[in-house]
Amino acid sequence: MSAGTPVIRLRGVHKTYAQDRVEVHALRGIDLTVAAGEFVAIMGASGSGKSTLMHILGCLDVPGDGDYWLNGQAVRQLDSDALAAIRNRDIGFVFQNFNLLARTSALDNVEMPLVYAGVGKAERQRRARAELERMGLGERLLHHPSQLSGGQQQRVALARALVTRPALLLADEPTGNLDSATSREILALFAQLNRHEGLTIVLITHEADIAAHAGRQLHMRDGRLED
Amino acid sequence: MIWTTALQLAVRALWRNKVRALLTALGVIIGVGSVITMLAVGAGAQERIARQLENLGSNNLMLRSGSSLRGGVRTGAGSNTSLTRADAEAIRSLPGVLAVSPTVRTGAQALYRGSNWGTIVEGVTPDYLKTRSWGLESGEFFSERQVAAAVDVCVLGRTVVRELFGLVNPVGEIVILKGLACRVLGVLAEKGAGNWGNDQDDIILAPLTTVQRKFMGISHVDRIEVQAAGKAAAASAYKEIQRLLRARHRLQEGKANDFRIYNRAELASSAEESASVFAWLLGSIASVSLLVGGIGIMNIMLVSVTERTREIGIRMALGARRRDILWQFLLEALVLSGIGGLVGVALGIAAALTLGSFSEFEIRIAPWSVALAFSFAAMIGVFFGLHPARKASGLQPIEALRYE
Ligand SMILES: Nc1ncnc2c1ncn2[C@@H]1O[C@H](COP(=O)(O)OP(=O)(O)O)[C@@H](O)[C@H]1O
Ligand SMILES: [Mg+2]
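Same order as they appear, the protein sequences are chains D and H. 3 is the number of the first residue of the first sequence in our numbering; add one for each residue after it. 619 is the number of the first residue of the second sequence in our numbering; add one for each residue after it.
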């Protein structure tokens, strides 16, 4: 990857869902370029296609039409193993509903991506522990999600997203289920990661004050992006 | 993904649903256990029959006086008196015949000093031991000359010795049989239970002529045991004897035999065959339960895949490859069937041993049957685990994540 290569480049991306024989055009031609180290916030009404876009960016879904280059690599050409490796190494994903494994300790949750990266047990534990401590959860390593507050759960999820040291963090309404004080804490964490570690972040939110933290704000309406 | 980690993951996932895992494994446990128990019962029966076959003398023919029509009344086998000692001597001269033993039997009360014991007295010739593959524990057997002279001597079975003499050595002592004082010449080796559970050692042998004339007052014999040189010789002797006896008894063409002839080797080998069919039947009935156990595994794994669709999505989102997911679920099925198999082996062996010690069943646990049952269980784990595992690994990451 040369210095100038954008982390994300989308050209004319469409996504259409067929539901009950009705076609839903979730994305109608998205062009987007995100450079390394950027912090981009995407806002928009519910149903405007934000999550759909995010899933495509995260290689959890594929564009119906158009192209996506991740770090200069055309995603269309990758097989499922290569996509899994990208999700594992290059992208960290944070969801609105945390998506932690239930009845599984914070430590085990954070270790999971390292399991699929083939990291040995001792090293896995060391890194997962360090990541959780960085998120201020050093005292909660063995707690299960049900024993943690929403803010703590999202920080476990963030630790899990970052434990493989990805260059890109995607967050789909990460504060949507949190109270405003906790939201501010999490957002501060994002801003800090972007500023101090050069992490490229794409964040979805519908709160304007949260979006204000970002370097660039985009708006989505009916499957299209507007500045 | 690292193997030990994958295995740990599988065990942990099962542990999270302990009761369900236990109930699922129970199907395999019962299946493997019953396969092992049933095969042990079957193999035991087979072995018992094989041993009896050896005891019988496998190349033996047996003749009995047969029923014949007399004034419209058919009498049972052995109730007529067609066979004689002369028939036996004639058979002895046939080619391929090693030994011929004509016998008669009668019940008698045996007395020795204060004690008495009701038993069977069999009148025999020295060939008897050969045809029955029997031997002496002590003393000696009576000779052809003693048979010819109808001497009052006898040889005792172990049970009779125990009942009449206790610890006293009976050889040389006098036993009273039907008022006749018979000197004990020897003691038979212990033979154990016969085909029908009868005590073969509860017997007294005396010279054929002594029993015929002095005890029973008859001149015919009850049966003639013939030992041939081999299986083929037994088959040809079977035909030769029929021809010979029909001629000796002057039976016209078209008239039924007045004797019966049995090929013991054939009887025994057909018994052996049915025992082996029995063993496989038991084994396959038990395998059906193992199969049902496998279907139980598939059922639970399918439920588990559905229940854990979100988990699968999360794992995929975090970098699990399709084969990681496939192995995760396959390993769970394998651990279930493997542990079920091990417990089943232990339980099956325990059940077989218990059955062996508390019932009449003879039990033999062959190592191959244990290996068979266990590998069958493992195969069932793979076979029935593969479908749910493939289903799980075939999910699209986003669809799995969105699953409610
Ligand atoms: N799996 C799906 N099947 C059918 N329609 C879908 C699916 N996912 C999303 N949609 C539709 O696509 C549109 C965009 O959804 P989404 O990307 O989730 O919007 P947002 O995240 O901005 O609320 C909506 O109209 C939604 O109903
Ligand atoms: Mg959304």
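C-beta: ideal position from N, C-alpha, C; glycine also.
**Prompt:** So what's Ile822/H in DSSP terms, helix, strand or just coil?
**Reply:** Correct three-state label for Ile822/H: strand.
**Message:** Using CA atoms only, rank isn't needed, just tell me which of Ser902/H, Ser1011/H, Glu950/H and Leu625/H is closest to Asn635/H.
**Reply:** Checking every option, the nearest Cα to that of Asn635/H belongs to Glu950/H.
**Prompt:** Given a limit of 9 Å on CB to CB distance, which residues of the region 924-951 of chain H reach chain D?
**Reply:** Of all residues in the region 924-951 of chain H, Arg928, Glu929, Gly931, Ile932, Arg933, Met934, Ala935, Leu936, Gly937, Ala938, Arg939, Arg940, Arg941 and Asp942 have a Cβ within less than 9 Å of some Cβ in chain D.
**Prompt:** Within 8 Å (strictly less), CB to CB, does Pro985/H reach chain D?
**Reply:** Not a single C-beta of chain D is nearer than 8 Å to the C-beta of Pro985/H.
**Prompt:** If you measure beta-carbon to beta-carbon, which residues of the region 120-131 of chain D are closer than 9 Å to chain H?
**Reply:** From the region 120-131 of chain D, only Gly120, Val121, Gly122, Lys123 and Arg126 have a Cβ closer than 9 Å to chain H.
**Message:** Contact defined as beta carbons within less than 8 Å: I believe Gly931/H pairs with Ala1018/H. What is the distance between those atoms, to the nearest angstrom?
**Reply:** Distance from Gly931/H to Ala1018/H at the Cβ level is roughly 3 Å; contact confirmed, criterion being Cβ atoms closer than 8 Å.
**Message:** I need the straight-line Cα distance from Ser563/H to Gln664/H, nearest angstrom please.
**Reply:** There is simply no residue 563/H to check, as chain H begins at 619 and stops at 1022 in what is shown.
**Message:** As a quick exercise: from Val779/H, Met934/H and Val722/H, pick the residue whose alpha carbon is nearest that of Ala114/D.
**Reply:** Note that residue 114/D corresponds to Met in the displayed sequence, not to Ala. Checking every option, the nearest Cα to that of Met114/D belongs to Met934/H.
**Message:** Is the separation between the beta-carbon of Val773/H and that of Leu823/H shorter than 8 Å?
**Reply:** Pairing Val773/H with Leu823/H gives a Cβ-Cβ distance under 8 Å.
**Message:** Quick check: does the Cβ of Arg2/D come within less than 7 Å of any heavy atom belonging to ligand 1?
**Reply:** Only positions 3 to 229 of chain D appear in the structure, and residue 2/D is not among them; the question remains open.
**Asked** Should Arg669/H be flagged as near chain D, meaning a C-beta pair shorter than 8 Å?
**Response** Not one beta carbon of chain D lies nearer than 8 Å to the beta carbon of Arg669/H.
**Prompt:** In angstroms, rounded to a whole number, what distance separates the CA positions of Asp174/D and Phe97/D?
**Reply:** Rounded to whole angstroms, Asp174/D to Phe97/D spans 5 Å at the Cα level.
**Prompt:** From which residue to which residue does the beta strand (DSSP E) around Asp67/D run?
**Reply:** Asp67 to Leu72 is the span of the beta strand (DSSP E), which, as asked, contains Asp67/D.
**Request:** Would you tell me roughly how many angstroms separate the C-alpha atoms of Phe979/H and Ser652/H, rounded to the nearest one?
**Result:** The straight-line gap from Cα to Cα measures roughly 15 Å.
**Request:** Figure out for me which residue from Ser148/D, Ala119/D and Ile203/D has the closest Cα to the Cα of Leu160/D.
**Result:** Of the candidates Ser148/D, Ala119/D and Ile203/D, the one whose C-alpha sits nearest the C-alpha of Leu160/D is Ile203/D.
**Prompt:** Taking the alpha helix (DSSP H) that Val953/H falls in, what are its first and last residues?
**Reply:** Counting along the chain, the alpha helix (DSSP H) containing Val953/H begins and ends at Arg940 to Phe976.
**Asked** In three-state terms, what does DSSP make of Phe95/D?
**Response** Three-state DSSP puts Phe95/D in a strand.
**Prompt:** First and last residue of the alpha helix (DSSP H) that includes Phe192/D?
**Reply:** In the DSSP assignment, Phe192/D falls within the alpha helix (DSSP H) that extends over Ser182 to Glu199.
**Request:** Please classify Asn111/D: is it buried, with 16 or more other beta-carbons within 10 angstroms of its beta-carbon, or exposed?
**Result:** Flag for Asn111/D reads buried.
**Request:** Given a cut-off of 8 Å, decide if His16/D and Gly66/D are closer than it, judged by their beta-carbon atoms.
**Result:** Closer than 8 Å, so yes.
**Asked** With respect to 7 Å, is the separation between the Cβ of Lys52/D and the closest non-hydrogen atom of ligand 2 below this value?
**Response** Indeed, a heavy atom of ligand 2 lies less than 7 Å from the Cβ.
**Request:** Output the distance between the C-alpha atoms of Gly966/H and Leu954/H, rounded to the nearest integer angstrom.
**Result:** Rounded to whole angstroms, the gap between the alpha carbons of Gly966/H and Leu954/H is 17 Å.
**Asked** Out of curiosity, what's the CA-to-CA distance linking Leu627/H and Ala87/D?
**Response** Straight-line Cα distance between these residues: approximately 20 Å.
**Asked** Considering only residues of the region 101-152 of chain D, which uninterrupted alpha helix (DSSP H) runs meet the minimum length of 4 residues and lie entirely inside it, listed in chain order?
**Response** Listed in chain order, they are 108-118 and 123-136.
**Request:** Identify the continuous alpha helix (DSSP H) that holds Met56/D and give its terminal residues.
**Result:** First-last of the alpha helix (DSSP H) with Met56/D: Lys52 to Leu59.
**Asked** Residue range of the beta strand (DSSP E) that Asp63/D falls in?
**Response** That residue, Asp63/D, is in no beta strand (DSSP E); it is neither H nor E in DSSP.
**Prompt:** Given a threshold of 16 other Cβ atoms within 10 Å of its Cβ, counted over all protein chains shown, does Pro713/H qualify as buried or as exposed?
**Reply:** Exposed, by the Cβ-count rule.
**Prompt:** Of the residues that make up the region 995-1018 of chain H, which ones have a beta carbon closer than 7 Å to any beta carbon in chain D?
**Reply:** Going along the region 995-1018 of chain H in chain order, one finds Pro1015 and Ile1016 with a Cβ nearer than 7 Å to chain D.
**Proximal chain H residues relative to Phe95/D, where beta-carbon distance stays under 9 Å** = Within 9 Å Cβ-Cβ: Ala935 and Leu936.
**Prompt:** Any heavy atom of ligand 2 within a distance shorter than 7 Å of the CB on Asp174/D?
**Reply:** Answer for Asp174/D: yes, Cβ within range of ligand 2.
**Request:** Can you give me the Cβ contacts of Val26/D inside the same chain, cut-off strictly under 6 Å, excluding the 5 residues immediately before and after it?
**Result:** Hits under 6 Å: Tyr19.
**Message:** Between Gln626/H and ligand 1, is there a pair consisting of the residue's CB and a ligand heavy atom that are separated by less than 7 Å?
**Reply:** Incorrect: Gln626/H has no Cβ contact closer than 7 Å to ligand 1.
**Asked** DSSP state of His1005/H, grouped into three classes?
**Response** Reduced to three states, the DSSP call for His1005/H is helix.
**Message:** Let's see if you can read the secondary structure: which residues bound the alpha helix (DSSP H) around Pro8/D?
**Reply:** Looking at the DSSP string, Pro8/D is not in any alpha helix (DSSP H), and its letter there is neither H nor E.
**Message:** Taking the alpha-carbon of Phe947/H as reference, which of Val805/H, Gly962/H, Val961/H and Glu929/H has the nearest alpha-carbon?
**Reply:** Answer by Cα proximity: Glu929/H.
**Request:** Return the CA-CA distance between Arg804/H and Ile792/H, expressed in angstroms with no decimal places.
**Result:** Per the sequence shown, residue 804/H should be read as Gly rather than Arg. CA-CA distance, Gly804/H to Ile792/H, rounds to 12 Å.
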